[in-house]
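Taking the working numbering, the leading residue of the sequence shown gets -13, the next gets one more, and so forth.
Backbone N, C-alpha and C fix where the C-beta goes; we use that ideal spot for every residue, glycine too.
Quick caveat: nothing in here was measured; it's all calculated off a predicted structure.
To keep things clear, I will list the structure first and then write my remarks on it.
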Amino acid sequence: MKIDMKNDASVQAPPNLAASLQARAELHSTVSDKVGCGVYRFEKTGRAQLEALIRNGLNPWDKFLDIGCGAFCGGYWVIHFLDAGGYHGIEPNVDMFTKGKSHILEPSLIELKHPRFDHNDQYDFSVFDEKFDYLFAQSIWTHAGKKDIEKMLDGFVQHTNAKARFLTTIKLPDLFHRDYKKDERVGGSHESDVAGTVRHSFSWIQRACSKRGLTVTKLKGEKINTQHLILIEKGKQ
């Protein structure tokens, strides 16, 4: 289900929309426990996402897909950064999306930047009928099973331009946290309130990328909070 936010009457922000983004997040948390990146670090985490994207090649003119845009922790910053029509977001948790939209985004931002959204939960990127330059998934692979990660990789291959990039965050297995082998999603979502995260081995990610003609790089020293950043690209083998 695609949404044109210009024509969505529910876009209007509360009259007491706070000037500080962090204050907006704290207000949002009073009406919903679905914040996504954590209330206490909402502004800091969102800014870190934009900084990481710019360091790794995001341009203002790019067509950008935010996989799991949530309550706009990072989306707020990226929508501001991109040219009009550049931002696209998928978020199946409609309650999180709607309340984040009302409490985080300025109505003037929607009118100026014309972002587009969809609520499918199948990682179906075809709904936008767009060839993207950049994909981003913050704290999505830390909840997804391998089957869904492969769906995202297939979508990256099929719905992006030749020089496209895919920046995502992961947690790596260790002695106490094993490589996740199941297909089911873990953690809070539009279907569950149970918290949890999963980990995927970098060697498995490398194999999954290689099968699709993709390369993946673990970015040295780059993290968002406790999650490692990896960059996936096309045609560099």
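Problem set entry | Residue environment, S88, which counts as buried when at least 16 other CB atoms sit within 10 Å | buried
Exercise. Which value, in whole angstroms, describes the spacing of the CA atoms of T155 and P93?
Worked result: T155 and P93: Cα-Cα distance of roughly 30 Å.
Problem set entry | Whole-angstrom distance between T201 and Y166, CA atom to CA atom | 21 Å
For this session: Rank E12, Q35, R10 by C-alpha distance to the C-alpha of E208 and give the top, closest one.
Result: The shortest C-alpha separation from E208 is found at Q35.
Problem set entry | Euclidean distance between Cα positions of R164 and T212 | Rounded to whole angstroms, the separation of the alpha carbons of T212 and R164 is 17 Å.
For this session: Evaluate P101 with the Cβ neighbour count: other Cβ atoms within 10 Å of its Cβ, from every protein chain shown; 16 or more gives buried, anything less gives exposed.
Result: P101 comes out buried.
Problem set entry | Burial state of P0 (16 or more Cβ within 10 Å) | Low confidence applies to P0: its pLDDT is 42, below 50, so where it sits in the model is not reliable, and the reading given next is rough at best. It counts as exposed.
Exercise. Which one of K168, K117, F58 has the shortest CA to CA distance from H14?
Worked result: Each of K168, K117, F58 was checked against the Cα of H14, and the nearest Cα belongs to F58.
Problem set entry | Other residues of its chain near G75: CB distance less than 7 Å, five sequence neighbours each side excluded | D52, C55, G61, P101, F103
Exercise. Are the region 125 to 135 and the region 182 to 197 touching by the rule of at least three beta carbon pairs closer than 8 Å?
Worked result: Yes: at least three Cβ pairs fall under 8 Å.
Problem set entry | Nearest candidate by alpha-carbon position, reference Q108, set L98, K117, D119, I126 | I126
Exercise. Does DSSP classify V180 as helix, strand or coil?
Worked result: Because V180 sits at a pLDDT of 49, beneath the cut-off of 50, its placement in the model cannot be relied upon, and the following sentence gives the value as read from the coordinates. Correct three-state label for V180: coil.
Exercise. What did DSSP end up calling D140 once you bin it into helix, strand or coil?
Worked result: helix
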